[in-house]
Amino acid sequence: MQRGDSLNSPFVPFSPNPSIQQGTPTSTPPLKHTLSSSTSSNLRYSSSRKSIYDRHLNRSQRSELSKASFAFLFGEMVQYAQKRVNGIADLEKKLNLHGYSIGQRLLELLLWREGRSAKRETRILGILQFITTTVYRSIFNKPADGLEKSRDNEDEYMLIDNDPMVNSYISVPKEMSQLNCAAFVAGIIEAVLDGCLFPGRVTAHSVPTEQLPAKTVFLIKFDESVIERESVLG
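Be aware that the sequence shown starts at 0, since it is given in numbering that gives the first Met the number 0, and climbs by one per residue.
The structure is reproduced here in structure tokens:
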């Protein structure tokens, strides 16, 4: 529609001010957003209120998380991953990747807390003892239940957990009976090994017994370079 047609249009432009004549351009003052004293006070944060990122890392060293909170978060993570995979193997791989990202951060935190007293492990037995005690205790508030070396393969070790907490709150259907959610913990262990220059592969396997129906073995298979270095160190 052209300007000449708009002047002859039967529709009258709406103006909230009746004193303004039709067709007269006006300038509207900009709107000002004002907050009342009560509203503005709610948006302010007290200087004494600190987030978790403001806390000293050593302050939370002995803090604990409730099992109910952990069970809820872990269950939601498993359910989220299950909707985005095609099978049990893919689901365990997904859980392993989630655990790996946590293991990287956990190792950094533990080494920072040890400070100058931190010791770099160069032997296989030393790094495995570090995982079964320090790492495992920092996560589950208890050491691992066992550590064994394979009799058949020189590059394989087994870390044993008789009752993994990650499996305590997960109800696995019969069609997925082979699923072991402890693959999440296997990812944490693998990340710690990689971060300490002990590359390898860690997988979780269910080995139930009559006395220990939830027993899980974490099979650690080291890279060939680790075994060669171990033989050189004697």
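We put the CB at the ideal spot given by N, CA and C, even for glycine.
Residue closest to residue i, alpha-carbon to alpha-carbon, out of the options
i: Pro198; options: Asp151, Thr121 and Glu107; result: Thr121
i: Leu158; options: Asn166, Lys148 and Asp222; result: Lys148
i: Asn161; options: Arg83, Leu109, Ser50 and Pro212; result: Pro212
i: Thr202; options: Val184, Ala80, Val165 and Lys118; result: Val184
i: Asn95; options: Ser68, Ser224, Met175 and Phe73; result: Phe73
i: Pro163; options: Asn140, Glu174, Arg150 and Asp151; result: Asn140
i: Ile188; options: Glu113, Ser100 and Ser230; result: Ser100
i: Arg200; options: Arg48, Ile219, Leu124 and Ser230; result: Ile219
i: Ser230; options: Arg104, Asp53 and Leu124; result: Leu124
Straight-line gap, residue i to residue j (C-alpha atoms, nearest Å)
i: Ala70; j: Thr215; result: 18 Å
i: Arg228; j: Phe221; result: 11 Å
i: Pro172; j: Asn179; result: 12 Å
i: Phe217; j: His204; result: 6 Å
i: Thr133; j: Leu64; result: 17 Å
i: Glu138; j: Gly98; result: Strictly speaking, residue 138 in this sequence is Ile, with Glu absent from that position. Going by the C-alpha atoms only, they are around 12 Å apart.
i: Val206; j: Ser50; result: 43 Å
i: Ser167; j: Asp89; result: 21 Å
i: Leu109; j: Ala117; result: 9 Å
i: Glu91; j: Leu196; result: 24 Å
i: Arg119; j: Trp111; result: 13 Å
i: Lys66; j: Glu174; result: 27 Å
i: Asp151; j: Glu75; result: 39 Å
i: Glu113; j: Gln210; result: 38 Å
Cutoff 8 Å; reference residue i; Cβ partners in own chain excluding five residues on either side
i: Leu146; result: Leu127, Gln128, Thr131, Tyr156, Met157, Leu158 and Ile159
i: Leu232; result: Thr121 and Arg122
i: Lys93; result: Ala80, Arg83 and Val84
i: Thr208; result: Lys214
Simplified DSSP assignment, three categories, for residue i
i: Val225; result: helix
i: Ala67; result: helix
i: Arg126; result: Contrary to the premise, residue 126 reads as Ile rather than Arg in this sequence. Reduced to three states, the DSSP call for Ile126 is helix.
i: Pro231; result: Before going on, a small fix: residue 231 reads as Val here, not Pro. Helix, per DSSP.
i: Thr154; result: Looking at the sequence shown, residue 154 is not Thr but Asp. Coil, per DSSP.
i: Thr38; result: Here the model assigns Thr38 a pLDDT of 44, short of 50, so the residue's position is not dependable, and the following value carries that caveat. Thr38 falls in the helix class under three-state DSSP.
i: Thr202; result: strand
i: Gly145; result: strand
i: Asn161; result: coil
i: Lys173; result: helix
i: Leu90; result: helix
i: Phe197; result: coil
i: Thr121; result: coil
8 Å contact criterion, which residue i and residue j should meet: CB distance rounded
i: Gly186; j: Gly102; result: 6 Å
i: Ala181; j: Val165; result: 6 Å
i: Ile169; j: Val84; result: So it is not a contact: roughly 15 Å between Cβ atoms.
Check: residue i C-beta below 6 Å from any heavy atom of the ligand ZN
i: Lys49; result: The ligand content of the structure shown is nil, which means the ligand ZN is not present either.
Same chain, Cβ closer than 6 Å to residue i, five either side skipped, listed in chain order
i: Tyr135; result: Pro142 and Ala143
i: Leu106; result: Val191 and Gly194
i: Gln177; result: Ile87
i: Ser224; result: none
i: Arg48; result: none
Beta-carbon contacts of residue i that lie in its chain and below 7 Å, excluding the five residues immediately before and after
i: Ile226; result: Glu153 and Asp154
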